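Student:
In this note's numbering, the protein residues as written are 4 to 332.
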């Protein structure tokens, strides 16, 4: 592993909807010359295989046992977040024994406890949101006494050295600016939408899990539609819409008369629909803005600035080592 490029530890939350976008960001960091170690649980290691096969400067860090909440826990997500903190000491030991340890940690926003880990290690931590800035901007103002571990973690995110969002400025400028105000600095980057490379034929089509509709059927259907005319709808694997919410959203999509692909969990498939109208023009405008953002636009500029900041940490670290050696002589 080269000690001249910035070595980054990437730690996604162990859920496919969080891992996949952060791996897409990891690929972009790798193509810009950074060295990356990705911490993954044993069961999610297959999601990392495409990166491992195509980039020599990425390494997996698989720590066992896999963090899981007690089977009797009724708290769901908060319990799983708390369980991940069991890796605090193993990560600490790995870091301190590494010949060229990372100069920064990029970790999912659900892993707010890694802010303290980074502080103990003396390196910056960048909080990563696989979604947009709106939810992050209201987090400090939500009181949730039943999930104190989540609230503490979210507050820790705003104390981090930096923040990265899977969004783009043209979509969420107001909320991105608000996050900068809450954090007290401008190291907030919107680098999305994060997507797999369009020219990589080795990228699996089912990287988010199996589907009831074969991928080739989806592609054939898409080939028959005009560019920028299809809306993709997905709420991830952990959000469960109520029947009423499903009905309203489905009806809105149908009445909008836009083409759409909706990833629906099996238990809500086939529900009846009724609802309101989507703003078709606004959807088309945002599709075009998203495309422009990743094609040399605001997201590309933010990504380049993020990489520049991470690269600069190598020089800062070299100065610290030099000063330490000089003090010992």
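Glycine included, every Cβ here is placed at the ideal spot set by N, Cα and C.
The structure presented is a predicted model; accordingly, all values stated were derived computationally and were not measured.
Is the number of C-beta pairs between the region 96-114 and the region 303-316 that are closer than 8 Å three or more?
Tutor: Contact holds: three or more Cβ-Cβ distances are below 8 Å.
Student: Short check: CB of residue 29 to CB of residue 61, under 9 Å?
Tutor: Position 26 of the chain shown, counted from the first residue, corresponds to residue 29. Position 58 of the chain shown, counted from the first residue, corresponds to residue 61. Contact flag set, yes.
Student: Helix or strand or just coil, what does DSSP make of residue 111?
Tutor: Reading the chain shown from its first residue, position 108 is the one you call residue 111. Reduced to three states, the DSSP call for residue 111 is strand.
Student: Could you give the residue range of the beta strand (DSSP E) that holds residue 11?
Tutor: Looking up residue 11 in the chain shown gives position 8. Where residue 11 is concerned, the enclosing beta strand (DSSP E) stretches over 10-14.
Student: By a C-beta neighbour count over all protein chains shown, 10 Å radius and 16 as the cutoff for buried, is residue 141 buried or exposed?
Tutor: Within the chain shown, the letter at position 138 stands for residue 141. By the 10 Å Cβ count, residue 141 comes out exposed.
Student: At a cut of 8 Å, does the region 171-184 reach the region 119-136 through at least three beta carbon pairs?
Tutor: Yes: at least three Cβ pairs fall under 8 Å.
Student: Measuring CB to CB, does residue 156 end up less than 9 Å from residue 187?
Tutor: Against the chain shown, residue 156 aligns to sequence position 153. Against the chain shown, residue 187 aligns to sequence position 184. No, they are not a contact pair.
Student: Just how far apart, CA to CA, sit residue 16 and residue 195?
Tutor: The count along the chain shown starts at 1 and reaches residue 16 at position 13. The count along the chain shown starts at 1 and reaches residue 195 at position 192. So the two alpha carbons sit approximately 18 Å from each other.
Student: From the DSSP output, read off the bridge partner residues of residue 165.
Tutor: Locating residue 165 in the chain shown gives position 162, counting from the first residue. The partner list for residue 165 (beta bridge, DSSP) reads 129.
Student: Here's a check: name, in chain order, each residue in its chain whose Cβ is nearer than 6 Å to the Cβ of residue 85, leaving out the five neighbours to either side.
Tutor: The count along the chain shown starts at 1 and reaches residue 85 at position 82. So the qualifying residues of the chain are 152.
Student: Quick one: Cα of residue 33 to Cα of residue 79, how far?
Tutor: To locate residue 33, count along the chain shown from 1; it is residue 30. To locate residue 79, count along the chain shown from 1; it is residue 76. Straight-line Cα distance between these residues: approximately 34 Å.
Student: Can you tell me which of 127, 12 and 49 puts its alpha carbon nearest to the alpha carbon of residue 165?
Tutor: On the chain shown, residue 165 is found 162 positions in, with the first residue counted as 1. Nearest of 127, 12 and 49 to residue 165, Cα basis: 127.
Student: Name the one or two DSSP bridge partners that residue 116 has.
Tutor: Start at 1 with the first residue of the chain shown, and residue 116 comes out as number 113. Paired residue(s): none; residue 116 is not in a bridge.
Student: Where does residue 236 land, buried or exposed, given buried means 16+ other C-beta within 10 angstroms?
Tutor: Within the chain shown, residue 236 is the residue found at index 233, counting from 1. Looking at its Cβ environment, which holds fewer than 16 other Cβ atoms inside 10 Å, residue 236 is exposed.
Student: DSSP three-state call for residue 331: helix, strand or coil?
Tutor: Here residue 331 corresponds to residue number 328 of the chain shown, with the count starting at 1. Here the model assigns residue 331 a pLDDT of 39, short of 50, so the residue's position is not dependable and the matter cannot be decided.
Student: Relative to the alpha-carbon of residue 260, which residue among 180, 233 and 249 has its alpha-carbon at the smallest distance?
Tutor: Reading the chain shown from its first residue, position 257 is the one you call residue 260. The shortest C-alpha separation from residue 260 is found at 233.
Student: To the nearest angstrom, report how far apart residue 146 and residue 101 are at their CA atoms.
Tutor: Here residue 146 corresponds to residue number 143 of the chain shown, with the count starting at 1. Here residue 101 corresponds to residue number 98 of the chain shown, with the count starting at 1. Going from the Cα of residue 146 to the Cα of residue 101 covers about 40 Å.
Student: What residues match up with residue 40 in a beta bridge as DSSP calls it?
Tutor: The residue labelled residue 40 in the question sits at position 37 within the chain shown. Paired residues: 12 and 62.
Student: Thinking C-beta only, is residue 302 closer than 9 Å to residue 171?
Tutor: Along the chain shown, read from residue 1 onward, the residue named residue 171 stands at position 168. Along the chain shown, read from residue 1 onward, the residue named residue 302 stands at position 299. Yes, these two residues count as a Cβ contact at 9 Å.
Student: Could you give the DSSP three-state label for residue 191: helix, strand or coil?
Tutor: Residue 191 sits at position 188 when you count from the first residue of the chain shown. Residue 191: strand per DSSP, three-state reduction.
Student: Less than 9 Å between the beta carbons of residue 252 and residue 244, yes or no?
Tutor: Reading the chain shown from its first residue, position 249 is the one you call residue 252. Reading the chain shown from its first residue, position 241 is the one you call residue 244. Taking 9 Å as the Cβ cut-off, residue 252 and residue 244 qualify as a contacting pair.
Student: For residue 63 and residue 89, what's the separation of their Cα atoms in angstroms?
Tutor: To locate residue 63, count along the chain shown from 1; it is residue 60. To locate residue 89, count along the chain shown from 1; it is residue 86. Near 19 Å, if we compare the C-alpha coordinates of residue 89 and residue 63.
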